[in-house]
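Undergrad: Numbering (this note's numbering), first residue to last: 7 to 88.
Got a structure for you, questions after.
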Amino acid sequence: MHYSYKTNGTCSSKIDFDIEDGKLYNIVFTNGCNGNLQAIANLLEGAETEFAIERLNGIACGLKATSCGDQLAQAIKNAIAE
7 MHYSYKTNGT
17 CSSKIDFDIE
27 DGKLYNIVFT
37 NGCNGNLQAI
47 ANLLEGAETE
57 FAIERLNGIA
67 CGLKATSCGD
77 QLAQAIKNAI
87 AE
């Protein structure tokens, strides 16, 4: 199933992704640090949702309380809860 998540507190403004059989696919960040966000998306392609949440949850960016990775973890949690 496809999900879109409006981010909060990060340079990226939106994250789109699919979850099929508990795995992540087609992760796309809108705006933000293009190279780093492509790397996150490529590394997590086909990963279990729980693995991604465990690895990314709580990561901060500089003085911000969140990061694009943390926002992806939040997005995945929201998608699972739906």
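All C-beta atoms in this analysis are idealised placements derived from N, C-alpha and C, irrespective of residue type, glycine included.
Apart from the five residues on each side of it in sequence, which residues of its chain come closer than 6 angstroms, Cβ to Cβ, to Ala-79?
TA: Counting only Cβ-Cβ distances below 6 angstroms, and skipping sequence neighbours, we find Ile-59, Leu-62 and Asn-63.
Undergrad: Measuring CA to CA, which of Phe-23, Ser-19, Ser-18 and Thr-16 is closest to Tyr-9?
TA: Comparing Cα positions, the closest option is Phe-23.
Undergrad: Quick check: the Cα distance between Thr-55 and Gly-68, rounded to an integer number of angstroms?
TA: Going by the C-alpha atoms only, they are around 25 angstroms apart.
Undergrad: For Ala-85, collect the residues of the same chain with a Cβ closer than 7 angstroms to its Cβ; drop the 5 residues on either side in sequence, then sort them by chain order.
TA: Counting only Cβ-Cβ distances below 7 angstroms, and skipping sequence neighbours, we find Tyr-9 and Ile-25.
Undergrad: Tell me the start and end of each unbroken beta strand (DSSP E) in the region 8-53 that is at least 3 residues and wholly inside, in chain order.
TA: Listed in chain order, they are 8-12, 20-26 and 29-36.
Undergrad: At the level of alpha carbons, what is the spacing between Asp-76 and Thr-36?
TA: Whole-angstrom Cα-Cα distance: 15 angstroms.
Undergrad: Could you have a look at Ile-65 and say whether DSSP puts it in helix, strand or coil?
TA: The answer is coil: DSSP assigns Ile-65 none of H, G, I, E or B.
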